[in-house]
Amino acid sequence: MIMAAVAGMSSSTIAFAQRVDDKYVESDVMPLAGKEGFSFQTRAGDFLFKPYSLIQVAGKFNYYDDENLNLAEVDRVANSGFAIPNAILGFSGKAFGLITFNFALNAAQSGGALLQQAWFDVNMSDAFRFRAGKFKTPFQNGYLATLGQTMFPVLPSSVTTPVRTNLSLDAVQPSLYTGFDLGVQLHGVLKNRFGYQVGVFNGTGIGVNSATKGTSDDHRGLPSLLYAARLCYMPKGQMPAHQGDPGDLHNDKMLIALSGNVNVEGNSESSNDFRAGVEFAWLKNRWFLSADAYLLNMQWTSRMQRAGSFTSWGAYAQAGYFATDKLQLAARYDFFDRNGTELAGFLNMPAVGFNYFFARTNLKLQMMYQYIGKWGHETQLERDNDDMGMAYHSATVLLQYTF
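In this text, residue positions in the sequence shown follow my numbering: the first is 567, and each later residue adds one.
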């Protein structure tokens, strides 16, 4: 169908460096609206096809705690070298003045995660839009930022690292975020200030593209799905999805949001997971400030034959400042109560870095360093276990190209 549409275009309708000014055309990978690039459009303007690409090449160094095992220095360096975090090829566009769509493959992944996203929106109005497919679940402002426009090359560890439930079941180790998933969502913005997202998803994450869920034993046949909602207030108009852009140094926007979701039997029938989060972001000329706080409460199912529940929470605050029109300095403090509220001790993970934007080339260089500190643990064993699998010192250099 796409080839037929392209074949029906005259040479004058295939535009190079054409401005994509439809505000509903989105990618979640790179900014499209108002950006020049390569696109196809019919003469009548009822169909727009916009390909895009993002390639990231990273150098990583990770140095681990020896957990009192007296390891040699060379044994404490692991998961280091070169990596390709993302190699995304996708397209976005609109059709018939009502439908917008987006599709992206990530060649740096495998299995179900190879399909990063595939969705379409039915856009009745700014206030009422319906989305179906695979896309980002409405939780955590830092994760909802455009992938190629994040302040740091890696997300906060409190977001992506699995919690420690101290149970023998490996399946009961979820992370505090929900990420990409398959589902449907109602969303929109009212009066350019009030945003909402309400959706139902599989709850299986980015790695599963098939229907695998059943019904709940503990909740009288309720489908075992992820039920999610997010409400935000933007007092100065809609907040951009970036965390600092050299082309947007004279803006003033703010966002305050609440979000929550329930994943019914989200971990192999072992727990019903409740997540809640609060978000803040402020873009003020050369400054970008943001902070998220979030918690995960796991209620054990009757099949677990275990009383009580497990609660973990995390938070981070970060700030970025453009010292020049091309150089953004960044700092972040990340907090993670990984072992749960019933055990003493937590992880604090400060990070610093900078971003350099090469003019007129779409190249971006990111560098960061992060340290893990461990506070308040009652025993040395608990202190050693709390950061298991996490790098004590980590450094990342990432070069990104977008098209």
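All residues carry an ideal CB built from backbone N, CA and C; glycine is no exception.
- About 14 Å separates the beta carbon of Ala857 from that of Met805, a gap too long to meet the 8 Å contact definition.
- In the DSSP assignment, Val844 falls outside any alpha helix (DSSP H) and within the unbroken beta strand (DSSP E) covering 837-850.
- Look at Ser724 here: in three-state DSSP terms it is helix.
- Pairing Gly955 with Phe912 gives a Cβ-Cβ distance that is not under 8 Å.
- In chain order, Asp950 place their CB closer than 6 Å to the CB of Glu633, counting only its own chain and leaving out the 5 sequence neighbours on each side.
- In the DSSP assignment, Asp952 falls within the alpha helix (DSSP H) that extends over 946-952.
- The Cβ-Cβ distance between Thr968 and Gly714 falls below 8 Å.
- Judged by DSSP secondary structure, Leu710 falls within the alpha helix (DSSP H) whose first and last residues are 707-710.
- Here Phe923 has Pro812, Lys892, Lys930 as same chain residues with Cβ atoms under 7 Å from its own Cβ, once five neighbours each way along the sequence are excluded.
- Here the C-alpha atom of Phe613 lies approximately 6 Å from the C-alpha atom of Phe662.
- Between the C-alpha atoms of Ile772 and Ser782 there is a straight-line separation of about 22 Å.
- Fewer than three Cβ pairs drawn from the stretch 903-919 and the stretch 807-827 lie within less than 8 Å of each other, which leaves the two stretches out of contact.
- Three or more beta-carbon pairs drawn from the stretch 691-709 and the stretch 748-757 are found closer than 8 Å, and the two stretches are therefore classed as touching.
- According to the DSSP secondary-structure assignment, Asp747 is paired through a beta bridge with Phe701.
- Within its own chain, the residues whose Cβ lies closer than 7 Å to the Cβ of Gly647, once the five positions on either side in sequence are excluded, are Lys626, listed in chain order.
- Between Pro789 and the set Gly803, Val766, Phe669, the nearest pair of CA atoms involves Val766.
- The count of Cβ pairs closer than 8 Å, one atom from the stretch 839-855 and one from the stretch 818-829, reaches three, so the stretches are in contact.
- C-alpha of Gln607 to C-alpha of Pro617: approximately 12 Å in a straight line.
- Around the beta-carbon of Ala673, fewer than 16 other beta-carbon atoms lie within 10 Å, marking it exposed.
- Taking C-beta atoms as the reference points, Val729 and Gln706 fail to come closer than 8 Å.
- DSSP places Gly663 outside both helix and strand once states are collapsed to three, so it counts as coil.
- Counting of Cβ neighbours within 10 angstroms places Lys702 among the buried residues, the total reaching 16 or more.
- If the five residues before and after Leu895 are omitted, its C-beta is found closer than 6 Å to the C-beta atoms of Tyr887, Ala889, Phe920, all from its own chain and listed in chain order.
- DSSP, reduced to helix, strand and coil, places Ala889 outside both helices and strands of the structure shown, so it counts as coil.
- Nearest C-alpha to Trp853 among Asp814, Val591, Arg872, Ala925: Asp814.
- Along the stretch 848-917, the beta strand (DSSP E) occurs as fully enclosed runs of 3 or more residues at 853-866, 875-888, 893-903, listed in sequence order.
- Relative to Ala644, the option among Pro651, Ile654, Leu655, Tyr629 whose CA is nearest is Tyr629.
- Taking the CA atoms as reference points, Ala795 sits about 34 Å from Tyr935.
- Of the candidates Leu909, Tyr709, Val738, the residue whose Cα lies closest to the Cα of Gln865 is Val738.
- Separation of the CB atoms of Leu620 and Ile654 is rounded to 4 Å, and the pair is thereby assigned contact status at 8 Å.
- Cα atoms of Ser878 and Gln932: separation of roughly 30 Å, rounded to the nearest angstrom.
- The Cβ atoms of Leu947 and Pro719 lie no closer than 8 Å to each other.
- Excluding residues up to 5 positions away in sequence, Leu791, Leu792, Asn829, Gly832 lie with their Cβ nearer than 6 Å to the Cβ of Gly769 in the same chain.
- Closest in alpha carbon position to Asp588, among Thr962, Arg759, Asn689, Lys779, is Asn689.
- Burial is judged here by how many other beta carbons sit within 10 angstroms of a residue's own beta carbon; Arg898 has at least 16 and is buried.
- Nearest C-alpha to Thr945 among Leu909, Ser836, Gly874, Thr744: Leu909.
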